[in-house]
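See below for the structure under consideration.
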Amino acid sequence: YSVMPSKAFLKAVLRVLAPIAFFIVIYIKYVVISPSHPKYQGIMQTGRFAIGQGQGSDDRRLMQYRFEADGRRYTGNWTKDDNEWMTGRKSTGFLSEPGDLQDFLVIYDPDDPKRSLLRCDCPIGDSVDFRYYVQNFEKLRLQGHIELKNSLTEMMVK
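Using the working numbering, you'd call the opening residue of the sequence shown number 5 and step up by one each time.
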């Protein structure tokens, strides 16, 4: 004879496995392929620049941002841990108050703009700030001084 699991048993198993599957997907999306992954070194070396509008809060430790590239709108997530990894130092208050939007430099892959980095160490108040950051990143690229785990200021000092 064959033993077929009951519907109640299958539902119970599904109730346990569904949240686990959800967390695995989130882990893969935001940890395994997060912007802090070393493959993003290439974006720092050759990516294009945009102004991104970030919104988040310290209690969530997450900033969501959006930017435009080639006439299309893209979104991304940037965590406080990503920022600390990117700049090599502890983040304090890098996130905005809930509801506030802040402008920051975004560096994105021109072939796949969904792959992008939010540079919280590069806040943008106006077009002069944007030009300043772009010029300095371009200069650092030419000098071969782009390093993922440093702020723009620290890279310029080296």
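Heads up, the beta-carbon is just placed ideally off N, CA and C, and yes, glycines get one too. Computed from a prediction, not measured in an experiment: that's the story for all the values here.
Roughly how many whole angstroms lie between the Cα atoms of residue i and residue j?
| i | j | result |
| --- | --- | --- |
| residue 158 | residue 28 | 36 angstroms |
| residue 50 | residue 149 | 13 angstroms |
| residue 36 | residue 139 | Here residue 36 scores only 47 on pLDDT, less than 50, and its place in the model should not be relied on; the value that follows carries that caveat. So the two alpha carbons sit approximately 31 angstroms from each other. |
| residue 137 | residue 24 | 42 angstroms |
| residue 58 | residue 83 | 11 angstroms |
| residue 120 | residue 74 | 14 angstroms |
| residue 145 | residue 72 | 23 angstroms |
| residue 55 | residue 115 | 18 angstroms |
| residue 126 | residue 76 | 23 angstroms |
| residue 151 | residue 132 | 24 angstroms |
Quick check on residue i - is its C-beta less than 9 angstroms from some C-beta in chain D?
| i | result |
| --- | --- |
| residue 49 | As a matter of chain content, chain D is missing from the structure shown, which is built from one protein chain. |
DSSP on residue i, reduced to helix/strand/coil?
| i | result |
| --- | --- |
| residue 72 | strand |
| residue 148 | coil |
| residue 36 | Its pLDDT being 47, under 50, residue 36 is placed unreliably by the model, and the measurement read from it follows with that caveat. Residue 36: helix per DSSP, three-state reduction. |
| residue 51 | coil |
| residue 24 | helix |
| residue 113 | strand |
| residue 155 | coil |
| residue 46 | helix |
| residue 125 | strand |
| residue 143 | helix |
| residue 19 | helix |
Would you list the one or two residues that DSSP bridges to residue i?
| i | result |
| --- | --- |
| residue 10 | For residue 10, which the question treats as bridged, DSSP gives no partner whatsoever. |
| residue 78 | 71 |
| residue 107 | 57 |
| residue 131 | Answer is none; residue 131 lacks a bridge partner. |
For residue i, which of the options has the nearest alpha-carbon?
| i | options | result |
| --- | --- | --- |
| residue 130 | 115, 145 and 107 | 107 |
| residue 155 | 57, 48, 104 and 15 | 48 |
| residue 78 | 118, 12, 104 and 105 | 118 |
| residue 134 | 20, 52 and 10 | 52 |
| residue 45 | 127, 113 and 105 | 113 |
Return the Cβ separation of residue i and residue j in integer angstroms, given the expectation that the two are a contact with Cβ distance under 8 angstroms.
| i | j | result |
| --- | --- | --- |
| residue 110 | residue 69 | 7 angstroms |
| residue 122 | residue 60 | The pair is not a contact, with the Cβ atoms about 10 angstroms apart (cut-off 8 angstroms). |
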